[in-house]
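Colleague: Sequence positions in the sequence shown follow the numbering used here and run 47 to 530. Even glycine gets a Cβ: it sits at the ideal position worked out from N, Cα and C. Being a predicted model, the structure only gives us computed values, none of them experimental.
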Amino acid sequence: MKLEPIDPQEFTDFVAYSERPRTKWERFLDKIKPRSAAMRTTILVLFMVFFSLFMSLWFFWRTLYLPELQQHARYLAIELELVNNPDIRILHRDTEVDVDTWLKNRIGIEYITDPKEFPKVEDKFLAELFTNQIEEKLAKELGVDDVTVYFKFKPIPRIWIQTPEMNGNWVREPLKTYANYSVELIATWLFGVPILSSIIILILVRQMNRPLRRLQNAANNYSKTGKAPYLDTNHGPLEIRQVNQAFNHMVYTLEQTERDRQIMLAGISHDLRTPLTRIRLTAEMLPDEFLREGLVYDVDDMDAILNQFISYMRDGSDEELSDTNINTLLQELVVQFQPLDIQFEMQELPIIPARSLSLKRLIANLLNNAKRYGSEPIELSASHVDDHILITVADHGEGIPPDQVEELMQPFVRGNSARTIQGSGLGLAIVKRIVDIHQGQINIRNREQGGLEVVISLPIPSPESDEPQSNTIDKIRQTLTGHF
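(1) Does the contact criterion of 3 or more C-beta pairs under 8 Å hold for the region 261-275 versus the region 113-128?
(2) Check whether the region 278-291 touches the region 237-246, counting contact only when three or more Cβ pairs, one atom from each stretch, lie closer than 8 Å.
(3) Ignoring anything shorter than 4 residues, give me the alpha helix (DSSP H) runs that lie fully in the region 97-139, in order along the chain.
(4) How would you write the range of the beta strand (DSSP E) that P220 sits in, first residue to last?
(5) If you reduce the DSSP assignment to three classes, tell me which class F383 lands in.
(6) Quick check on DSSP: helix, strand or coil for K198?
(7) Are at least three pairs of beta-carbons, each pair with one atom in the region 201-221 and one in the region 134-144, less than 8 Å apart?
(8) List the endpoints of the continuous alpha helix (DSSP H) containing Y276.
(9) Alpha carbons only, please: which of N178, G445 and A410 is nearest the one belonging to I207?
(10) Kindly indicate the opening and closing residues of the alpha helix (DSSP H) around N411.
(11) Whole-angstrom Cβ separation of V439 and L395, contact assumed at under 8 Å?
(12) How is S82 classed by DSSP in three states: helix, strand or coil?
(13) Whether or not the region 293-306 and the region 316-326 are in contact is what I'm after, with contact meaning three or more pairs of Cβ atoms, one per stretch, closer than 8 Å; do they touch?
(14) Measure the CB-CB distance between I446 and L498 and report whether it falls below 8 Å.
(15) Helix, strand or coil, according to DSSP, for I506 in the structure here?
(16) Tell me, which residues are paired with I205 by DSSP?
(17) Near I155, which residues of its chain fall below 8 Å by C-beta distance, leaving aside the five closest residues on each side in sequence?
(18) For the alpha helix (DSSP H) containing N151, name the first residue and the last one.
(19) Where do the ends of the beta strand (DSSP E) carrying E425 lie?
(20) If you drop the 5 nearest sequence neighbours on each side, which residues of the same chain put their C-beta closer than 8 Å to that of F96?
(21) With L327 and T370 assumed to form a contact (beta carbons below 8 Å), what rounded beta-carbon distance in angstroms separates them?
(22) Would you mind reading off the limits of the alpha helix (DSSP H) that contains L231?
(23) What whole-angstrom Cβ distance do E211 and V193 have, given they're in contact under 8 Å?
(24) Buried or exposed for P257, please, with buried defined as at least 16 other CB atoms from any protein chain shown within 10 angstroms of its CB.
(25) Is N290 buried or exposed, if buried means 16 or more other CB atoms sit within 10 Å of its CB?
(26) Could you name the residues of the same chain whose beta carbon sits closer than 8 Å to that of K222, not counting the 5 residues immediately before and after it, in chain order?
(27) Determine the DSSP secondary structure at I446, reduced to helix, strand or coil.
(28) Spatial neighbours of L379 within its chain, please: CB distance less than 7 Å, with the 5 preceding and 5 following residues excluded, ordered by chain position.
(29) So what does DSSP say about E211, is it helix, strand or coil?
(30) For S470, which of helix, strand or coil comes out of DSSP?
(31) So for L498, helix, strand or coil by DSSP?
(32) Can the beta-carbon of I532 be found closer than 8 Å to that of I437?
(33) Hey, quick one: how far does the beta strand (DSSP E) through T438 stretch, first residue to last?
(34) Have a look at Q377 and I388 and give me their C-alpha separation to the nearest angstrom.
(35) In this structure, what does DSSP give as the bridge partners for N489?
(36) Strictly by DSSP, which residues pair up with Q389?
This is how it looks when you write it as structure tokens:
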């Protein structure tokens, strides 16, 4: 597969966009919008559910209930005119019928004059949505300004009407068809649909997030240990299976690359060291002392560079975690670097899971740098701060320019003062790589009293800790700042 070159201008534009200052509106949206995709999906779907309910209610109100209320108001206006107009007569087979009796028998309308039967008018928000519409339409039909309409659902649905010409009396009309309305059914529709939708959404989102969480855990496990389980590709949605298949292929490719790297390291170690050994033996037999010393020095330089190459490639990610006593490890290094003047004071430290050989190589590289580029004595210490272990290596040399700190942790980069000293520029790069594998931090600074100080911060795993990781990182940074 041919890889297209990266356009420098596009990369510059991307960096400029990613580093641009965020507006107040963007910062406000970042604060209020949910961070997880599950919560965002739930909120969006619930918004659509409530919006659909609102539009349904509005549709029924405008196209069904409101026209029906207005039509009923016209009928009420005619009925009130029959009740209030004494000149109206009703004849049935040439026999006059009492209007009130006829209205009561035919429609159920009653003219109530007994104060004991008057309704006790109370404010009802939901009922007033309907009665206000009837009042407005009825006032227009009757040509009056003040009409009171009151709805009472229990014991039977009834509507009460009062106009100024009734002198405080009421007209009562039964609404028998309204008894068919079920309050429970309406409440179930209004509240049951959103609740049921929320439950279904949470189930669906959980089913979507569960494989994503497995993918996240597998990726984190590979970052920490260099190993990851293969994910299931036989169950779940098609998109999730395709993602799992791509992840499995990536893990397989990385494992194959790691095996090839190990084979390459073994080949370099064997195939290059053998001719170097022969060259050294041949150089030792040369009669010219000047030529012999120069050739031996070059062979030693090549051997040291080869060692650093192999150390950089063998970063320790394939080493298993084991319970490590940092004090024991530092004591071994003090003995190993004798007669170098190393000042080490032991402090009480907890046992932590770590890659012991990699940590030993890390601190050895720092001691070698202090020996080569600094001055004795070398101060070595380890302390327990909150949930981290701080390992400090300091010398009494000249230090380095502050603007070269970040560059010196890159591979094959050497300081100006180290140009004439044996090395390849991989010492601090190896240190940083091992620190990153242990999810730690490295801080380098020049000391006020002279010399360079390197502080390695290693986290102590604590599953029982309830403190968020971001707070822990902020606290250790504050500790390191105070330490500096």
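Modeller: To lay it out plainly:
(1) no
(2) no
(3) 112-130
(4) Mapped onto the sequence shown, residue 220 falls at position 174. Residues W216 to P220.
(5) Position 337 of the sequence shown, counted from the first residue, corresponds to residue 383. F383 falls in the coil class under three-state DSSP.
(6) For this step, residue 198 is matched to residue 152 along the sequence shown. Three-state result, K198: strand.
(7) Touching, no.
(8) As a position in the sequence shown, residue 276 is number 230, starting the count at 1. Taken as a continuous stretch (DSSP letters only), Y276 belongs to no alpha helix (DSSP H), as it is neither H nor E.
(9) In the sequence shown, the residue the question calls residue 207 occupies position 161. Minimum Cα distance to I207 is reached at N178.
(10) For the purposes of this step, residue 411 is taken as the residue at position 365 of the sequence shown. Here the alpha helix (DSSP H) through N411 covers S402 to Y419.
(11) Residue 439 sits at position 393 when you count from the first residue of the sequence shown. Residue 395 sits at position 349 when you count from the first residue of the sequence shown. Contact between V439 and L395 is absent: CB atoms are separated by about 16 Å, not below the 8 Å threshold.
(12) Sequence index remark: in the sequence shown, residue 82 carries index 36 (1-based). Here S82 sits in coil by DSSP.
(13) no
(14) Position 400 of the sequence shown, counted from the first residue, corresponds to residue 446. Position 452 of the sequence shown, counted from the first residue, corresponds to residue 498. Yes, the Cβ-Cβ distance between I446 and L498 is below 8 Å.
(15) Residue 506 sits at position 460 when you count from the first residue of the sequence shown. Three-state DSSP puts I506 in coil, outside helix and strand.
(16) Your numbering for residue 205 matches position 159 in the sequence shown. According to DSSP, residue pairing for I205 in a beta bridge involves F197 and E219.
(17) Translated into the one-based positions of the sequence shown, residue 155 becomes position 109. Excluding sequence neighbours, I155 sits near E125, V129, L149, V217, R218 and E219.
(18) On the sequence shown, residue 151 is found 105 positions in, with the first residue counted as 1. N151 -> alpha helix (DSSP H) spans V145 to R152.
(19) By one-based count along the sequence shown, residue 425 stands at place 379. I424 to V431 is the span of the beta strand (DSSP E), which, as asked, contains E425.
(20) Here the question's residue 96 lines up with position 50 in the sequence shown. Within the same chain, Cβ atoms closer than 8 Å to the Cβ of F96 are found at P240, the five residues on either side in sequence being excluded.
(21) Here residue 327 refers to the residue found at position 281 when the sequence shown is read from its first residue. Here residue 370 refers to the residue found at position 324 when the sequence shown is read from its first residue. About 39 Å; that fails the 8 Å criterion.
(22) The residue you call residue 231 lines up with position 185 of the sequence shown. First-last of the alpha helix (DSSP H) with L231: V229 to A233.
(23) Numbered from 1 along the sequence shown, position 165 holds the residue referred to as residue 211. Numbered from 1 along the sequence shown, position 147 holds the residue referred to as residue 193. Their Cβ separation, rounded to whole angstroms, is 11 Å, which puts E211 and V193 out of contact at 8 Å.
(24) Your numbering for residue 257 matches position 211 in the sequence shown. Label assigned to P257: buried.
(25) Counting from one through the sequence shown, the residue named residue 290 turns up at place 244. Buried, by the Cβ-count rule.
(26) Indexing the sequence shown from 1 puts residue 222 at position 176. Within the same chain, K222 has close Cβ partners G154, I202 and P203.
(27) Taking the first residue of the sequence shown as position 1, residue 446 is located at position 400. In the structure shown, I446 sits in coil (DSSP, three-state: anything other than H, G, I, E or B).
(28) Locating residue 379 in the sequence shown gives position 333, where the first residue counts as 1. Same-chain partners within the cutoff: K406, I409, A410 and L413.
(29) Taking the sequence shown and counting its residues from 1, one reaches residue 211 at position 165. Helix.
(30) Translated into positions along the sequence shown, residue 470 becomes position 424. Since pLDDT at S470 reaches only 45, below the 50 mark, its modelled position is unreliable, and the value read off the structure follows with that caveat. Coil, per DSSP.
(31) Here residue 498 refers to the residue found at position 452 of the sequence shown. Of the three classes helix, strand and coil, the one that applies to L498 here is strand, per DSSP.
(32) As displayed, the chain neither begins before 47 nor continues past 530, which places residue 532 out of reach and without an answer.
(33) In the sequence shown, residue 438 corresponds to position 392, counting from 1. Segment H434 to A440, the beta strand (DSSP E) holding T438.
(34) Taking the first residue of the sequence shown as position 1, residue 377 is located at position 331. Taking the first residue of the sequence shown as position 1, residue 388 is located at position 342. Straight across, the Cα-Cα distance linking Q377 with I388 is about 10 Å.
(35) Against the sequence shown, residue 489 aligns to sequence position 443. Its beta-bridge partners are V501.
(36) Indexing the sequence shown from 1 puts residue 389 at position 343. For Q389, which the question treats as bridged, DSSP gives the partners E425.
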